[in-house]
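One structure is given here, and the rest of the page talks about it.
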Amino acid sequence: MKIKRCLLKNLDFYQVDVTQERLPFQDDEFDFVKQRLVTVSFTLDNWRSVLQELIRVTKPGGYIELIEFDFSTCNLGPKGSKLETDMLEAARRLGCEARMAAYLADALKALNLEDVNCKSVSIPLGEWGLDLGVLWKHNLESFAESTSPVLSQMLNISVTEYKERWRDYFEEVKETKSFTNVYSVWAKVPLDYNPDNIDWSLCPVLKL
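Using the UniProt record's numbering, the first residue of the sequence shown is number 1, and each one after it goes up by one.
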């Protein structure tokens, strides 16, 4: 169900489940379309349909930008790596790809967009990264707490064990200087864009 609110004279807010329905906009309506932080919300099938929907509402010659975190943290300890591997595999069993950020550029190339650009930034995890590292650690701690009922069930362990594994995870990052990569990818919709030229084989996780 679409929900619309007018926040300012030149700003409307729409709440739409884009995995279930089209965006409430005409074709070729926007010069710039941005999507961010939806990795844990989309299946691979969702990604294919939603990306095409973003192109639909973008004008020929306009740009699309995608921003996502890669949920594979670098420099984890052995216990942290095991927890992460288990969660990545559980997500894949549900048809999701928690490492989608690393494939965004391939996805835009598969969609036959032009001038595909990719930039990644590393975010430190823990006190070694000073204020930013502490903030990112707090963010992951909140994630671990809020997801404990669902993800513990996906991993077939108790909530108590799930939280204990996260405590081990955070204990290890004090020594390993772990970090997370965030990706920003953007590309141009060709003036003569043809959706019939989409080639999902160019993106390893989206190929049919």
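Cβ atoms here follow ideal geometry from the backbone N, Cα and C, with glycine treated the same way.
For residue i, count neighbouring C-beta atoms within 10 Å of its own C-beta (all shown protein chains included) and say buried if the count is 16 or more, exposed if not.
i	result
S178	buried
L94	exposed
F32	exposed
L206	buried
E172	buried
Y193	buried
Going by beta carbon distance, what residues of the same chain come within less than 7 Å of residue i, once the five residues before and after it are set aside?
i	result
I123	L132, W136, F179, T180 and V182
M154	A90
D106	L202, C203 and P204
Since residue i and residue j are thought to touch, with beta carbons under 8 Å apart, how far apart are those beta carbons, to the nearest angstrom?
i	j	result
L111	I67	About 17 Å separates the two Cβ atoms, so there is no contact after all.
W186	Y63	6 Å
V121	E127	No, V121 and E127 are not in contact; Cβ-Cβ is about 19 Å, not under 8 Å.
Starting from residue i, follow the alpha helix (DSSP H) in both directions and report where the run begins and ends.
i	result
S142	L130 to M154
Y8	Position check: residue 8 holds Leu in this sequence, whereas Tyr was assumed. Here L8 belongs to no alpha helix (DSSP H); instead the beta strand (DSSP E) covers I3 to L8.
V173	V159 to T176
K109	L104 to A110
Residue range of the beta strand (DSSP E) that residue i falls in?
i	result
W186	F179 to K188
G62	T58 to F69
E114	E114 to P124
V16	Counting along the chain, V16 falls outside any beta strand (DSSP E), and DSSP gives it neither H nor E.
R93	Counting along the chain, R93 falls outside any beta strand (DSSP E), though it belongs to the alpha helix (DSSP H) covering P78 to R93.
K34	F30 to R36
Within the same chain, show all residues whose beta-carbon is closer than 6 Å to that of residue i, passing over the 5 residues directly before and after it, in chain order.
i	result
Y169	G80 and L83
N46	T19
K119	S184
Could you pull out every residue in the same chain whose Cβ sits closer than 8 Å to the Cβ of residue i, ignoring the five residues on either side in sequence?
i	result
L76	E84, Y169, E172, V173, T176 and S178
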